Amino acid sequence: MTTYRPIHGLMAEFDDPDALLAAARAARDAGYRRMEAYTPQPVHGLTEALGRRPTRLPWIVLGGGLAGAVAGFGLQYWINVVAYPLNIGGRPLNSWPAFIPPTFETTVLFSAGTAVVAMLALNKLPMPYHPVFNVKEFERASTDRFFLCIEAGDPLFHHKHTRTFLLGLEPLRVQEVKS
Amino acid sequence: MTETREAAPVVAPGHDYASATAAISDVVLRRKPPRAWFVTFGLGFLGVLVLFYTMGVLVLKGVGIWGVNIPVGWGFDIINFVWWIGIGHAGTLISAILLLLRQEWRTSINRFAEAMTLFAVACAAMFPIFHLGRPWVFYWMLPYPSSTGMWPQFRSPLIWDVFAVSTYFTVSLLFWYVGLVPDLATMRDRVKNKLAKVLYGIGALGWRGAASHWERYETAYLLLAGLSTPLVVSVHSVVSLDFAVAQLPGWHSTMFPPYFVAGAIYSGFAMVLTLLIPLRKLYGMGDFITMRHMDNMAKVMLATGLIVAYGYGLEAFTAWYSPSDFEQTLQRTRMHGPYAPFYWSLILCNVLVPQLLWFRRFRSRLAVLWVISLVVNVGMWLERFVIVVTSLHRDFLPSSWGMYTPTIFDISFLLGTIGLFLACLFLFIRVLPMISIFEVRTLVSPNKERGKGT
């Protein structure tokens with residue numbers, strides 16, 4: 048018997064996105080839920096294979112954009128009507144058509160800022176340390192290797208059985224991820 | 002016969018994930034920079050010194066060192082501002098609009114074009130800021146609660162410009178950086194130098210390529226592209242409104258926004274070609290920046306060039322068709338007045354020479370294409386000169402006519418920004434991957450030794 052040591056999970060390494068996709072589907076069918084795949088570039092269908100819900104990012108960005116529109120128009124209205132009313136060629140103080148270009152710009156600015164900040168926040172980035180970086184081969188996860196990690200927190204996780212299961216998927220190798 | 006005329010591939014055959022990654026990242030990490038890098042960077046740096054000197058004199062003495070005066074109150078500063086902003090627009094077009102249109106060929110050139118956008122916009126922003134006369138109080142343009150109790154006046158396109166250009170720069174920066182994050186992780190994992198590893202690691206934000214991260218990442222990237230597309234159109238439309246809203250013959254035209262946007266894309270693609278043709282050869286990037294890219298960019302240039310030519314035609318037609326003496330006189334002055342050589346050089350550079358691009362023979366000869374792109378760059382600068390100077394130099398009353406001659410400081414400011422642009426671009430090529438590695442990987446097969454995938 049090996050002595051018990053807390054680990055992050057078990058990680059299988061593949062050299063092909065299709066093999067990883069098949070492995071992710073197999074792991075999900077086997078009942079594993081707490082797992083993550085790591086790839087050098089986006090692999091389409093992978094989040095579905097892992098059983099994730101589509102991201103809610105677009106809704107957050109919509110909120111950011113609407114806030115930008117309200118803030119932009121509100122700022123101009125308040126400045127030109129309330130704070131500093133000026134008569135420019137007899138035009139109405141609330142010359143709303145002239146306020147549209149800056150309103151558009153603030154809408155885009157807020158949406159874009161929200162998209163980036165929300166994407167990073169939902170991904171919990173920046174995160175300088177993560178257990179998967181303990182695996183030596185993982186540095187190829189940004190070049191040409193595809194990894195599937197079943198985490199130790201999964202209710203079905205069993206050191207021996209999970210390893211056997213992963214080996215059955217014909218990876219290049221299976222490794223422990225120290226936490 | 003049609004097969005032989007088929008377009009070249011987007012990525013040369015024979016590459017897999019590892020070889021594509023190595024080929025692009027090694028330019029920064031393993032290979033020594035070629036001599037031409039030092040020469041060009043040196044020239045750029047010289048330009049930066051010229052820029053600093055010019056700015057120093059400008060701040061000490063004021064805008065009186067320029068050739069601008071009444072009636073020509075806008076000279077090189079506005080010409081160069083519009084020229085640089087326009088150059089920047091190709092970057093956004095390539096990265097955003099072509100992404101939305103699912104044009105895979107954009108992948109090899111978008112990173113470089115986005116960097117070009119950033120540096121071009123930075124160069125552009127310098128002109129209006131230094132034209133303020135007191136550039137250190139540029140923030141007076143922004144709406145903030147100041148002790149003077151004054152606020153900006155939002156019925157003027159000039160304040161729209163402040164919003165448009167600053168938003169454009171910010172969003173371009175975000176777009177470029179977000180696109181870089183996975184590649185910075187690749188650099189972090191491949192670099193040998195300890196310090197560089199830490200620096201790339203900080204930039205990569207701990208990116209580990211998790212599937213859920215990629216999904217949000219791609220969503221965010223697509224949203225940024227969708228936002229940048231109308232943004233780029235709005236920016237140059239607002240720039241054109243700086244002119245079109247004024248009651249001046251030659252400026253007061255509803256045609257300006259689309260005509261300016263087309264001109265911006267035209268000059269931007271010309272600049273991308275001007276830079277990429279030598280760089281591709283210098284760094285042996287022919288596998289990734291193929292003849293397909295050159296051909297497509299030449300075609301975009303031809304198409305936008307034709308829109309611009311239509312714009313020139315319509316300007317002349319509107320003047321002729323209008324009952325306005327002033328409009329007609331202005332058009333006559335453009336064609337036959339003291340600045341007529343500029344007008345006819347503009348027609349030569351922007352309308353006549355680019356017609357060569359109709360022919361595959363010229364599109365496929367890189368030397369010819371490069372010269373045409375240079376000619377278009379010059380032509381687009383001349384276009385702004387003609388719009389700004391000829392419209393202003395003959396005022397409504399002959400008693401207020403005058404001529405505009407740029408001074409040495411006008412010219413050194415322009416050359417200085419070109420130097421800054423080159424220096425920034427070459428630093429970028431030295432420290433960051435100039436082609437988006439992770440996007441190129443989506444175009445090649447997984448691993449050579451295991452046989453070809455798709």
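Sequence order for the protein chains is A and B. In terms of the numbering used here, the first sequence opens at residue 48 and continues consecutively. In terms of the numbering used here, the second sequence opens at residue 2 and continues consecutively. Even for Gly, the Cβ is constructed at its ideal location relative to N, Cα and C. Source: prediction; values computed, not measured.
Specify, as a first and last residue, the run of the alpha helix (DSSP H) that residue i falls within.
i: B/Phe360; result: Counting along the chain, B/Phe360 falls outside any alpha helix (DSSP H), and DSSP gives it neither H nor E.
i: B/Ile160; result: 158-191
i: B/His337; result: 326-337
i: B/Ile388; result: Segment: none, B/Ile388 is in no alpha helix (DSSP H) and carries neither H nor E.
i: B/Thr408; result: No alpha helix (DSSP H) contains B/Thr408, which DSSP labels as neither H nor E.
i: B/Tyr201; result: 195-205
Under 7 Å between beta-carbons, which chain A residues line up against residue i? List them in chain order, please.
i: B/Tyr18; result: Pro87, Thr190, Asp191
i: B/Arg217; result: Thr102, Leu104, Met166, Leu169, Asn170
i: B/Arg442; result: Pro87, Gln88
i: B/Ala221; result: Leu104, Ala162, Val163, Met166
i: B/Trp161; result: Pro148, Pro149
i: B/Phe439; result: Pro87, Gln88
How would you list, in chain order, the residues of chain B whose beta-carbon sits under 8 Å from the beta-carbon of residue i?
i: A/Ala130; result: Trp152
i: A/Glu83; result: Ala211, Ala212, Ser213
i: A/Val117; result: None at all; the shortest Cβ gap to chain B is about 15 Å.
Between residue i and residue j, how many whole angstroms is the CB-CB distance? I'm expecting something under 8 Å.
i: A/Leu104; j: B/Arg217; result: 5 Å
i: A/Pro178; j: A/Phe61; result: Contact flag wrong, Cβ pair sits at about 19 Å.
i: B/Arg442; j: B/Ala21; result: 6 Å
i: A/Ala59; j: A/Val221; result: 5 Å
i: A/Pro87; j: B/Tyr18; result: 7 Å
i: B/Met302; j: B/Pro339; result: About 31 Å separates the two Cβ atoms, so there is no contact after all.
i: A/Pro304; j: B/Leu206; result: As displayed, chain A neither begins before 48 nor continues past 226, which places residue 304 of chain A out of reach and without an answer.
i: B/Phe261; j: B/Ser238; result: 7 Å
i: A/Glu186; j: B/Asp190; result: 4 Å
i: A/Glu83; j: B/Ala212; result: 6 Å
i: B/Phe82; j: B/Phe422; result: Contact doesn't hold; Cβ gap of about 14 Å is too wide.
i: B/Leu367; j: B/Ile278; result: 5 Å
i: A/Ala77; j: A/Phe212; result: 6 Å
i: B/Val58; j: B/Gly134; result: 14 Å between Cβ atoms; not a contact.
i: B/Gly45; j: B/Gly420; result: 5 Å
Three-state secondary structure (DSSP) at residue i?
i: B/Arg151; result: Note that residue 151 of chain B is Met in the sequence shown here, rather than Arg. Correct three-state label for B/Met151: coil.
i: A/Gly56; result: strand
i: A/Met82; result: strand
i: B/Asp17; result: strand
i: B/Ser446; result: strand
i: B/Ile397; result: Reading the sequence as shown, one finds Phe at residue 397 of chain B and not Ile. Coil.
i: B/Ala211; result: strand
i: A/Phe61; result: strand
i: B/Met286; result: coil
i: B/Ser235; result: helix
i: A/Asn127; result: helix
i: B/Ala114; result: helix
i: B/Trp371; result: helix
i: A/Gly98; result: coil
i: B/Gly251; result: coil
i: A/Ala70; result: helix
i: B/Met295; result: helix
i: B/Ile348; result: helix
i: B/Val28; result: helix
i: A/His91; result: coil
i: B/Met272; result: helix
Counting only Cβ pairs nearer than 8 Å, list the residues of chain A close to residue i.
i: B/Trp141; result: Neighbours of B/Trp141 on chain A: none; closest Cβ ~14 Å, over 8 Å.
i: B/His214; result: Asn170, Leu172
i: B/Asp190; result: Glu186, Arg187, Ala188, Ser189, Thr190
i: B/Val172; result: Val155, Leu156, Ala159
i: B/Phe42; result: Neighbours of B/Phe42 on chain A: none; closest Cβ ~28 Å, over 8 Å.
i: B/Ala186; result: Ser189
What residues from chain B crowd round residue i, counting only those whose CB sits closer than 7 Å?
i: A/His177; result: Gly207, Arg209
i: A/Gln123; result: Phe155
i: A/Phe151; result: Ser235
i: A/Leu93; result: Ala212
i: A/Leu97; result: Ala212
i: A/Val229; result: Summary: the structure shown does not reach residue 229 of chain A, with chain A confined to residues 48 through 226, and so no result is reported for it.
i: A/Arg224; result: First, the residue type needs correcting, since residue 224 of chain A is Val and not Arg in the sequence shown. Within chain B, no residue comes near A/Val224; the closest Cβ sits about 12 Å away, beyond 7 Å.
Which chain A residues sit within Cβ distance under 9 Å of residue i?
i: B/Arg156; result: Asn127, Leu133, Ile135, Gly136, Arg138, Ser142, Ala145, Phe146
i: B/Val387; result: Those within 9 Å of B/Val387 in chain A number zero; the least Cβ separation is about 26 Å.
Run the proximity test for residue i: is its beta-carbon closer than 7 Å to any non-hydrogen atom belonging to the ligand MN?
i: B/Ile110; result: Absent from the structure shown: the ligand MN. Ligands present: none.
My parser needs the beta strand (DSSP E) runs of 3 or more residues fully inside the region 146-224 of chain A; what are they?
193-198
Fully enclosed by the region 31-106 of chain B, which alpha helix (DSSP H) runs are 4 residues long or longer?
36-62, 77-93
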